[in-house]
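Engineer: Here it is: the structure, laid out below.
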Amino acid sequence: LRMQHPLDCEHAGHRVLSSPAAAASLSNPGIAQFYAVEMDGTERIANREGRRLRISPRDPYRYGMTLVLDTDSALPLKAETTDGAGRVLERVQFVELVVGGAIPAAEMFSTAPGARIDASHAVLHNDEAKSFSWSVSWLPPGFAESARERRQGDSGLEVETRMFTDGLAVFSVFVEHQSDADVTGPGQAAQGATVAYVTPRLPEGVVTVVGEIPPETARLVANAVSFAAP
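Just so you know, our numbering puts 104 at position 109 of the sequence shown, and the rest follows in order with no gaps.
Following this line, the structure appears as structure tokens:
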């Protein structure tokens, strides 16, 4: 139960992390090739004792993390995303927390009138993968595709998406088919640890990379998108 967060939406991250590819990545001991993980003492968060876990990237293509896990339940009490210089880009933590106790059944239903899951955002099955006409020729080491989807964008044109994860970080590559008149030059925006890099790839359309990865990584991935010959 999170205050000021009614159950009226479905978070895309839940689908990504529950995918078979993401699960395989999380259980793969090879993740240690890309991150150094070490215990770093204890810390009190929301009046609970937690153990601090530092996760440092072994290359410049991903961010680091610091987690504080509740000693009794292993629930994450605090999560920080850090850049290569150790600066905190984003922090999420509890200020008040109650673990356990009964939850009324009514709290588990949406509070928004007419709320529903939008079927147009459903992830495509593997047998539909052949319909994609583009590919990514370079990915940061350790990243693997975890999901795909196809939907209609705000412009009415088709948007194709692939999501990638290394077991910790997640980013998405969007390809939107647009006319020449709708396309501007490349651009970049960032908020906290999340970056969005956009670049036109005429005549096919526009490529956008969004995720919690360094801006240079997003640019390299966007420029690595190639399209099949017509």
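Here a beta-carbon is modelled for each residue, glycine too, at the ideal position from N, C-alpha and C. Quick caveat: nothing in here was measured; it's all calculated off a predicted structure.
I'd like to know if the stretch 159 to 175 and the stretch 194 to 211 are in contact, where contact means that at least 3 CB-CB pairs between them fall below 8 Å.
Structural biologist: Touching, yes.
Engineer: Could you tell me the boundaries of the beta strand (DSSP E) in which Thr77 lies?
Structural biologist: Element bounds for Thr77: 71 to 77.
Engineer: For Gln28, which of Ala185, Ser51, Arg46 has the nearest alpha-carbon?
Structural biologist: The residue with the shortest Cα to Cα distance from Gln28 is Ser51.
Engineer: Assuming Ala139 is part of the beta strand (DSSP E), what are its boundary residues?
Structural biologist: Start and end: 139 to 147.
Engineer: Cutting at 6 Å between CB atoms, please list the residues of its own chain near Tyr56, excluding the five before and the five after it.
Structural biologist: Closer than 6 Å at Cβ, skipping near neighbours: Pro135, Thr212.
Engineer: Assign Arg46 to one of three DSSP states: helix, strand, or coil.
Structural biologist: Residue state, collapsed to three classes: strand.
Engineer: Assuming the contact rule is C-beta atoms closer than 8 Å, Ser68 and Val94 should be a hit. Round their C-beta distance to whole Å, please.
Structural biologist: Confirmed, Cβ separation roughly 5 Å.
Engineer: So, Arg46 versus Thr66, is the Cβ gap smaller than 7 Å?
Structural biologist: Yes, the Cβ-Cβ distance between Arg46 and Thr66 is below 7 Å.
Engineer: What do you reckon, are the CB atoms on Val202 and Val190 nearer than 7 Å?
Structural biologist: No, the pair does not count as a contact, with Cβ atoms beyond the cut-off.
Engineer: Suppose the cutoff is 7 Å on Cβ atoms and the five residues either side in sequence are ignored; what does the same chain contact list for Gly182 look like?
Structural biologist: Answer for Gly182: Val193, listed in chain order.
Engineer: Based on DSSP bridge pairs, tell me the residues matched to Tyr192.
Structural biologist: Per DSSP, Gln183, Val204.
Engineer: Taking 7 Å as the threshold (C-beta atoms), are Val63 and Lys73 in contact?
Structural biologist: Contact flag set, yes.
Engineer: Exposed or buried, which one is Val90 when buried takes at least 16 other CB atoms within 10 Å?
Structural biologist: Result: exposed.
Engineer: Hey, Thr160 and Ala139 are a contact pair by Cβ (cut 8 Å); roughly how many whole angstroms apart?
Structural biologist: Confirmed, Cβ separation roughly 7 Å.
Engineer: What does DSSP give as the partner residue(s) for Met158 in the beta ladder?
Structural biologist: Ala142, Ser167, per the DSSP bridge assignment.
Engineer: Go through its chain and collect everything with a Cβ distance to Ala114's Cβ below 7 Å, but skip five positions before and after it.
Structural biologist: Any reading at Ala114 must be qualified, since the residue scores a pLDDT of 45, below 50, and its modelled position is unreliable; the value itself is stated next. Cβ neighbours of Ala114 beyond the five flanking positions: none.
Engineer: Ala31 lies in the beta strand (DSSP E); which residues open and close that run?
Structural biologist: First-last of the beta strand (DSSP E) with Ala31: 30 to 40.
Engineer: So who's on the other strand from Val220, going by DSSP bridges?
Structural biologist: DSSP lists Val131 as partners of Val220.
Engineer: So what does Pro227 bridge to, in DSSP terms?
Structural biologist: Any answer about residue 227 is impossible in this case: the structure gives the chain only from -4 up to 225.
Engineer: Less than 7 Å separating the beta-carbons of Trp129 and Val170?
Structural biologist: Against a cut-off of 7 Å, the Cβ pair of Val170 and Trp129 comes out as a contact.
Engineer: To which residues of the same chain is Ala188 closer than 7 Å at the C-beta, ignoring the five residues directly before and after it?
Structural biologist: Tyr58, Thr76, Leu84, Glu85, Glu207, listed in sequence order.
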